[in-house]
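Peer 1: Numbering (this note's numbering), first residue to last: 21 to 184. The beta-carbon is built from N, C-alpha and C at its ideal position, and this holds for glycine as well.
1) Considering only the beta carbon of each residue, do residue 101 and residue 49 sit closer than 8 Å?
2) Give me, in chain order, the residues of the same chain whose beta-carbon lies closer than 6 Å to that of residue 158; leave out the 5 immediate sequence neighbours on both sides.
3) Run through DSSP, which three-state label would residue 179 get?
4) Determine the DSSP secondary structure at residue 91, reduced to helix, strand or coil.
5) Go ahead and label residue 94 buried or exposed: buried means 16 or more other beta carbons lie within 10 angstroms of its beta carbon, across all protein chains shown.
6) Please say whether residue 161 and residue 153 have beta carbons closer to each other than 8 Å?
7) The alpha helix (DSSP H) with residue 40 in it runs from where to where?
8) Consult DSSP for residue 122 and reduce its assignment to one of helix, strand or coil.
9) Per the contact definition of three or more C-beta pairs closer than 8 Å, is the segment 121-141 in contact with the segment 70-88?
10) Would you tell me roughly how many angstroms separate the C-alpha atoms of residue 42 and residue 32, rounded to the nearest one?
11) Report all residues from its chain with a CB closer than 7 Å to the CB of residue 62; omit the five preceding and five following residues, and keep chain order.
12) Could you tell me the distance, in whole angstroms, from the CA atom of residue 55 to the CA atom of residue 106?
13) Start and end of the alpha helix (DSSP H) containing residue 150?
14) So, using beta-carbon positions, are residue 84 and residue 166 closer together than 8 Å?
15) Check for me: the alpha helix (DSSP H) holding residue 31 runs from which residue to which?
16) State the CB to CB distance for the pair residue 78 and residue 145, rounded to an integer number of angstroms; the pair is presumed to be in contact (CB under 8 Å).
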């Protein structure tokens with residue numbers, strides 16, 4: 021996952037959004053995250069972490085594909101707010117999956133490693149996204165992001181089961 025700031029930059033460069041509209045979209049994204057977090061957690065507990073994570077990553081891929089093809093401002097705005105459902109489905113489920121893999125006495129370390137890995141991976145992901153954008157355009161960068169999210173969803177099948 022590259023920086024979400026690329027989504028905001030896209031709105032500014034493609035659709036000419038100003039600061040007020042950009043801030044409104046950022047608020048809309050976070051309201052969407054809030055709205056989907058509770059149902060995402062419930063689904064994770066009832067249906068299992070993997071399926072919810074895969075669904076979230078699929079939404080991410082669809083949003084990025086949509087961004088690559090968005091022609092109208094309303095499409096961009098709808099996709100941006102829909103992007104919050106990706107976070108709502110995955111953030112809690114991913115952390116719960118971490119907990120499923122480690123004993124309770126080691127969870128602090130496990131969460132530290134998890135968040136460290138996520139943070140460490142964000143830098144090259146963002147550099148790659150920016151490089152593709154500068155070489156081939158925003159649509160290509162969003163397309164590659166979508167493809168990688170789809171690949172991650174498929175590879176989730178091969179992650180070994182945790183204790184829970």
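Peer 2: So, from the data block:
1) yes
2) 30
3) coil
4) coil
5) exposed
6) yes
7) 39-67
8) coil
9) no
10) 8 Å
11) none
12) 11 Å
13) 127-156
14) yes
15) 25-35
16) Not a contact, Cβ separation roughly 18 Å.
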